[in-house]
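Accompanying notes for the structure given below.
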Amino acid sequence: MKLNPIVWLSSLAIVQANPFSKTDFSLQGFAKDNPLGVTTGGKGGRTTTVSSLPALRTALAGTDPLTVVAKGSFNLTGVTRLRIGSNKSLIGHEKGAKFFGGGMSAVNQTNIIIRNIQISYAYDNDCITLQNTTRAWIDHNEFFSDLEHGPDFYDGQVDLVRATDWVTVSWNYFHDHWKSSLVGNSDVLREVDEGHLHITYHHNYWRNIGTRGPAGRFGHQHVYNNLYRDYLYQAIHSRSDNQMLVEGNVFRGNTREAVSTYGLVIPEDSPNACVCGDYELDGFVNFGAKNDFGRAGINVTQWGNFKKAPYRYDLTRLSDVEKVIVKGAGIGKI
Ligand SMILES: *[C@@H]1O[C@H](CO)[C@@H](O)[C@H](O)[C@H]1NC(C)=O
Ligand SMILES: *[C@@H]1O[C@H](CO)[C@@H](O)[C@H](O)[C@H]1NC(C)=O
Ligand SMILES: *[C@@H]1O[C@H](CO)[C@@H](O)[C@H](O)[C@H]1NC(C)=O
Ligand SMILES: *[C@@H]1O[C@H](CO)[C@@H](O)[C@H](O)[C@H]1NC(C)=O
Ligand SMILES: *[C@@H]1O[C@H](CO)[C@@H](O)[C@H](O)[C@H]1NC(C)=O
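Residues -17 to -1, 1 to 317 (mature numbering (1 follows the signal peptide of the UniProt record, and there is no 0)) are what the sequence shown spells out, left to right.
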């Protein structure tokens, strides 16, 4: 296969010759390479297996290093939101743990890993919120609800807000939901967010989603090798002076806008403020290695300065992206 020359200009991207010989699920991106150190979660601590909500809550609290293996189903409907502390790995047992009706937050924490967890129908809040939290790896999870209730009945799937930094979101299966992943939750938080919100999104599978795949403000996001199928309204959205590097992504099915840098937030994303949408400053994007945008629209007003990721990473060949992600993303894969 002929490689796009841009791949070679971006010297730190290693194009995988044969992605099927072995799929490498190891940590890559900002959660690995950052000034604070590699994200290790509970490494160095004990491992505890929990199968009840009170035991889960206790295990996730505090900052001692701990690997928490969650086993079975957890009904989070109407209960106090789960809080996850620093130095924790939350790992779903075997084919994955099932959380439903609610989600979890980390606030002012550091060094968190969340893998192999299914979170569905998180009513009135995000599936996962990281607020003012550094070093996190959100990998091989599944998130879903439905689109019938509109954009605001459920909230985000993975929202990274208020100076959160150095996060990798990889190999997740996001589907049947409206607002997927927001980075920076308000256009008035420049003072708080600017200089933070370095997030890597790679090898995620997004299917039948409305908006925010992801939508970023005031930060830097590297969005590579993701698969979008029927991402209905607006997928990759950079606004409020945000910088995104977008490469090696594949769009299939029906998508109105694969990429937008318009500050104007479309009505489908923000129906409550004004029927015409909300206005804020435009964002920036750059395209690195070739993307396959399919039939989706591209709506870019300005090109930015985030042209190269500051770390080594494996880039899947564009023609292999769909197969590799459908096979490798979601729960029960690690
Ligand atoms: C989950 O908890 C809610 C609130 O207590 C309850 O109404 C619902 O029946 C529970 N669902 C399941 C499947 O246990
Ligand atoms: C755990 O997290 C805290 C931050 O809340 C940090 O200061 C501490 O060094 C960590 N402990 C270990 C053993 O990593
Ligand atoms: C997080 O830190 C902020 C600023 O120090 C503080 O106001 C807030 O109470 C903290 N939140 C939690 C949950 O610790
Ligand atoms: C983040 O947390 C640190 C301490 O944990 C605190 O000093 C800082 O003010 C917090 N920042 C925000 C934006 O909450
Ligand atoms: C670009 O986005 C703006 C704002 O959402 C919208 O008004 C415009 O129609 C879009 N243009 C194209 C070509 O999609």
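Beta carbons: idealized from backbone N, C-alpha and C, even for Gly. Bear in mind the structure is a predicted one, so any value in this text is a computation, not a measurement.
Rounded separation between residue i and residue j - CA only
i: Pro170; j: Pro197; result: According to the sequence provided, residue 170 is Asp. The question's Pro does not apply to it. Cα to Cα, the separation comes out at about 15 Å.
i: Tyr137; j: Asp129; result: 9 Å
i: Gln226; j: Tyr214; result: 21 Å
i: Thr244; j: Phe267; result: 6 Å
i: Trp286; j: Gly25; result: 39 Å
i: Thr22; j: Val206; result: 19 Å
i: Phe157; j: Ala272; result: 23 Å
i: Ser69; j: Ile121; result: 14 Å
i: Leu172; j: Pro250; result: 21 Å
i: Thr6; j: Asp303; result: 12 Å
i: Thr132; j: Ala105; result: First, the amino acid is wrong: residue 132 is His here, not Thr. Going by the C-alpha atoms only, they are around 12 Å apart.
i: Asn288; j: Leu228; result: 9 Å
i: Gln140; j: Cys110; result: 5 Å
i: His185; j: Glu263; result: 27 Å
i: Leu247; j: Val144; result: 20 Å
i: Gln(-2); j: Asp297; result: 6 Å
i: Ser9; j: Lys78; result: 19 Å
i: Leu59; j: Glu174; result: 34 Å
Buried or exposed by the 16-neighbour rule on C-beta atoms within 10 Å, applied to residue i
i: Leu19; result: exposed
i: Gly231; result: buried
i: Asp224; result: buried
i: Pro134; result: buried
i: Val62; result: exposed
i: Lys(-16); result: Legend: pLDDT at Lys(-16) = 33, less than 50; position of this residue unreliable, value from coordinates given subsequently. By the 10 Å Cβ count, Lys(-16) comes out exposed.
i: Thr238; result: buried
i: Leu(-6); result: exposed
i: Gly55; result: exposed
i: Asn274; result: buried
i: Glu240; result: buried
i: Asp107; result: exposed
i: residue 320; result: This structure leaves residue 320 out entirely; the chain is present only between -17 and 317.
i: Gly313; result: buried
Candidates the options: closest to residue i by CA position
i: Phe278; options: Tyr216, Asp176 and Leu172; result: With the sequence shown as reference, residue 278 is identified as Arg, and Phe is not the correct amino acid for it. It is Tyr216.
i: Arg98; options: Gln(-2), Thr116, Arg195 and Asn124; result: Asn124
i: Gln92; options: Phe82, Pro134 and Thr46; result: Thr46
i: Thr299; options: Asn187, Asn288 and Gly315; result: Asn187
i: Phe83; options: Val90, Ser103 and His76; result: Ser103
i: Leu165; options: Arg118, Glu131, Lys54 and Gln114; result: Gln114
i: Gly75; options: Gly61, Gln101 and Gly86; result: Gln101
i: Arg66; options: Gly79, Ile(-4) and Gly86; result: Gly86
i: Trp154; options: Gln11, Gln(-2), Leu(-6) and Ile(-4); result: Gln11
i: Asn17; options: Arg295, Ala312 and Gly315; result: Arg295
i: Thr183; options: Ala312, Val51 and Ala292; result: Ala292
i: Glu177; options: Asp275, Thr60 and Gln204; result: Gln204
i: Lys290; options: Arg118, Val233, Leu301 and Asn269; result: Asn269
i: Ala146; options: Val90, Phe126, Asn108 and Phe127; result: Val90
i: Val150; options: Ile314, Ser9, Lys15 and Lys316; result: Lys15
i: residue 321; options: Ala80, Phe57, Thr41 and Gly27; result: This structure cannot settle anything about residue 321, because the visible part of the chain is limited to -17 through 317.
i: Thr41; options: Arg222, Leu73 and Phe276; result: Leu73
i: Ala218; options: Val175, Val242 and Arg235; result: Val242
Proximity below 8 Å, CB of residue i to CB of residue j
i: Leu39; j: Lys71; result: no
i: Arg64; j: Leu49; result: no
i: Gly202; j: His179; result: yes
i: Ile95; j: Thr116; result: yes
i: Asn168; j: Asp148; result: no
i: Phe13; j: His181; result: yes
How do the segment 298 to 313 and the segment 199 to 210 stand: do at least 3 beta-carbon pairs fall below 8 Å, yes or no? Yes, they touch.
So does the segment 20 to 35 actually touch the segment 159 to 179, counting three or more Cβ pairs closer than 8 Å? When C-beta atoms of the segment 20 to 35 are compared with those of the segment 159 to 179, fewer than three pairs fall below 8 Å, so the two segments do not count as touching.
Meets three-Cβ-pair contact criterion under 8 Å: the segment 274 to 291 and the segment 185 to 197: Judged by pairs of C-beta atoms under 8 Å, the segment 274 to 291 does not touch the segment 185 to 197, as fewer than three such pairs exist.
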